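Heads up: the structure comes next, in structure tokens.
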Amino acid sequence: MSDRIVLLTLTRIEVTHLADLVRQFADLVDSTPTLPDPAIERLTPDVYPEDPEASREFRAVTRADLLRRRAHDARVVLDDLARVERVEDELAPVDVSLEGDSIESWLRTLAAVRLVIANRLGIVEDDQDHDPDDPRYGVYDWLGYRLEGLVQAAEQGDTA
Amino acid sequence: MAGAALPDLHEDVRLHEQEAADVPWQTVVWNDPVNLMSYVVRVFREYFGYSVERATQLMLAVHNEGHAVVAEGAREQMELHAQAMHDYGLWATVRRSPP
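Those protein sequences? They're chains X and H, same order as listed. Sequential numbering of the first sequence, starting at 1, is according to our numbering. Sequential numbering of the second sequence, starting at 1001, is according to our numbering.
Below, the structure is given as structure tokens:
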């Protein structure tokens, strides 16, 4: 179903914020940190939790590729966002057109950005209380809302 | 959760059980507080080609029981599945099937 097209409607200001977040995400997965980053650890979890040696071997072989795929997904999202029309009114709705497999890149990237933010916020339990004063929770919830909409749009695209 | 049911659910389950009898590895997906339920269903459908019913059943098992076996087969295959799950941000591990 590579000829499918999914339309996502955002406001212009959301496009700007999303591009900013995804750029930061792309920088994160492109970086080679000297210390282990817990968010990166979460994106590349141990595949054999009871066998650290096997996990290490697996990771040594697969992690760089996985992060490269992450960077590619982020680039697809940024390219789509860059094509969105520029309008004066920041609250005006604009359509983002997702063609073919780019919907998968979008789903994976929004989900991954949420994972990184959740990791930074220390969200470790279902239904954990949010600190209303921390603006990152607002970003986290907004991304969840948009991801939910994207999943529904993708499902409709599949059955159309 | 919208979507058309696929007609080959039973066929799929039967094949799955047959393979499980003589292959000793599993891909397991674990619950996490971040991934959306609808997203997890979508991933199981898109990647494994599972029906809405089966994908939903697996998602609920992950959510309620803390984990679910999403595939069984040869070790290399299970590692590929785990990598694909990691690509989608799901927390997946590989283990030998319990005796």
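We put the beta carbon where it would ideally sit given N, CA and C, even for glycine. This structure is a prediction, so every number in the text was calculated from the model and none was measured.
Across the set X:VAL29, X:ASP30 and X:ARG42, the C-alpha of X:ARG42 shows the shortest separation from the C-alpha of ASP1032 of chain H. Identification of chain X residues near TRP1025 of chain H by a Cβ-Cβ cut-off of 7 angstroms yields none; the smallest Cβ-Cβ distance measures about 11 angstroms. Given a length threshold of 3 residues, the stretch 121-148 of chain X has no whole run of the beta strand (DSSP E) inside it.
Rounded to whole angstroms, GLU155 of chain X and ASP20 of chain X show a C-alpha spacing of 27 angstroms.
The beta-bridge partner set that DSSP reports for ILE5 of chain X consists of X:GLU99. Bounds of any beta strand (DSSP E) do not take in ALA1074 of chain H, whose DSSP letter is neither H nor E. Exclusion of the five residues before and after ASP3 of chain X leaves GLY100 as the residues of its chain whose Cβ lies within less than 7 angstroms of its Cβ. For THR62 of chain X, the enclosing alpha helix (DSSP H) has its first and last residue at 52-82.
ALA1082 of chain H reaches chain X at VAL47, counting residues in chain order whose Cβ is nearer than 8 angstroms. In the structure shown, the three-state DSSP call for ARG108 of chain X is helix. Judged by DSSP in its simplified three-state form, THR16 of chain X adopts helix. Along the length of the stretch 1033-1068 of chain H, whole alpha helix (DSSP H) runs at least 4 residues long occupy 1037-1048 and 1052-1065, reported in chain order. Contact check for VAL1094 of chain H against VAL1069 of chain H fails: the beta carbons are separated by 8 angstroms or more. For ALA1092 of chain H, the enclosing beta strand (DSSP E) has its first and last residue at 1091-1096. Counting along the chain, no alpha helix (DSSP H) covers PRO45 of chain X, and no H or E run does either. Across the stretch 135-152 of chain X, CB contacts with chain H closer than 8 angstroms involve GLY144, LEU147, GLU148, VAL151 and GLN152, in sequence order along the chain.
Between ALA1092 of chain H and the set X:PRO49, X:PRO33, X:ASP134 and X:ALA112, the nearest pair of CA atoms involves X:PRO49. For VAL6 of chain X, the nearest beta carbon of chain H is not closer than 8 angstroms to its own beta carbon. In the displayed model, PRO93 of chain X falls within a strand according to three-state DSSP. Shown here for TYR137 of chain X: same chain residues with a beta carbon closer than 8 angstroms to its own, the five before and five after excluded, namely LEU121, HIS130 and ASP131 in chain order. With a contact defined as Cβ atoms closer than 8 angstroms, LEU1090 of chain H and VAL1043 of chain H qualify at about 6 angstroms. The three-state secondary structure of LEU35 of chain X, taken from DSSP, is coil. Between VAL22 of chain X and LEU107 of chain X, the C-beta gap is not smaller than 8 angstroms, which leaves the two residues out of contact. Flagged as an interface residue toward chain X: LEU1036 of chain H, by a C-beta distance shorter than 8 angstroms.
When the five nearest sequence neighbours on each side are left out, the beta carbons in the same chain lying within less than 6 angstroms of the beta carbon of ARG12 of chain X are those of VAL87, GLU90, ALA92 and VAL94, in order along the chain. Contact between ALA112 of chain X and PHE25 of chain X holds: their C-beta atoms lie close to 7 angstroms from each other, under 8 angstroms.
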